[in-house]
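Residues in the sequence shown are numbered consecutively from 302, following this note's numbering.
Virtual Cβ for every residue (Gly too), placed ideally from N, Cα, C.
This one's a predicted model, so the numbers in the text were calculated from it and none came from an experiment.
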Amino acid sequence: MFGQSDLRNKLVNYGRKLFLQGHDTRQSGNLSAQMEDGTVVITTNGLKMGRLESDHFSVVSLSGELISGDLPNWEFEHHLDIYNANPKHKAIFTITPRHISKLVTEENLNVENVLPALSPIVAMRTTTLPRIPLFRSSGSCFLAEMAKSHHAVLIANIGLVVMGEDLEDALCNVEELEETAALRMQAANDNFRYLSNEEIAEINAVFAH
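Next comes the structure, spelled out in structure tokens:
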């Protein structure tokens, strides 16, 4: 586990990686990671991912108490809900994904899984990608319940919330989901061979993430 200074620097680096991949080109999104003592280091308001500095972060407790820095915007509650619900998650990105954002405008969207898995590695990392309405994302236990069994959730009008065991794990989850979305967009039609529920269950039974 990294000290706070090292963690801030790592968050800066991962913010730049996300920016270079084409996510959050506006002043939106949040990055956070949990310290060994349980406190959370999270981005403050109105910052571009590609221009983060080590002092652009606040520190909050899991109960929401501000320890240092400016009070983050209300989206930080999403992160705290997730950390409290699933101790395995140690890093969270809230981003506007480059490809997935375009796909979710489709009319016949399956809100229980907006991005069916095309490959075993995606199924291992994010079995399903549910989409939930904004009103269910905060002030209730709905998002927390989702976090117990998912590594990513799409929140309407907010973006993609991706969790990981560490920052690199969270980034890998983003990359696999975005690669799947990019393949969907490049195809002329929806003639894909998605993994079946039985195949996904078998993959996760053998390679639990």
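Can you tell me which of the options puts its alpha carbon nearest to the alpha carbon of residue i?
| i | options | result |
| --- | --- | --- |
| L416 | L381, N385, I396 and L455 | L455 |
| M350 | N411, I383, H379 and P398 | P398 |
| E479 | R309, L308 and Q322 | Q322 |
| E378 | S402, T345, L353 and T481 | T345 |
Leaving out five residues on either side along the sequence, give the residues of the same chain with a beta carbon under 6 Å from the beta carbon of residue i.
| i | result |
| --- | --- |
| F394 | L332, V463 and A471 |
| M447 | V454 |
On the premise that residue j lies in contact with residue i, defined as a C-beta separation below 8 Å, what is that separation, rounded to the nearest angstrom?
| i | j | result |
| --- | --- | --- |
| N458 | L435 | 5 Å |
In whole angstroms, what separates the C-alpha of residue i from that of residue j?
| i | j | result |
| --- | --- | --- |
| L461 | A483 | 15 Å |
| H324 | I396 | 7 Å |
| N474 | R432 | 16 Å |
| S306 | M336 | 11 Å |
| K391 | Q487 | 33 Å |
| P373 | D356 | 13 Å |
| L348 | D382 | 22 Å |
| H400 | L319 | 13 Å |
| L410 | G330 | 24 Å |
| D338 | L353 | 24 Å |
| C442 | H380 | 13 Å |
| R485 | S402 | 12 Å |
In chain order, what residues of the same chain lie with their CB nearer than 8 Å to the CB of residue i, ignoring the 5 residues before and after it?
| i | result |
| --- | --- |
| T340 | V360, V361, S362, L363 and I368 |
| N414 | T429, L430 and P431 |
| E476 | Q322 |
Return the chain-ordered list of same chain residues with a C-beta closer than 7 Å to the C-beta of residue i, the five sequence neighbours on each side being excluded.
| i | result |
| --- | --- |
| V342 | Q305, L308, R309, L312, S333, A334, M336, F358 and V360 |
On the three-pair Cβ rule with 8 Å, is the region 446-454 touching the region 363-371? No: the two stretches stay apart, fewer than three of their Cβ pairs being nearer than 8 Å.
Okay, do the region 466-480 and the region 374-387 touch, 3+ Cβ pairs below 8 Å being the bar? no
Are at least three pairs of beta-carbons, each pair with one atom in the region 309-322 and one in the region 368-378, less than 8 Å apart? They do not touch, by the three-pair rule.
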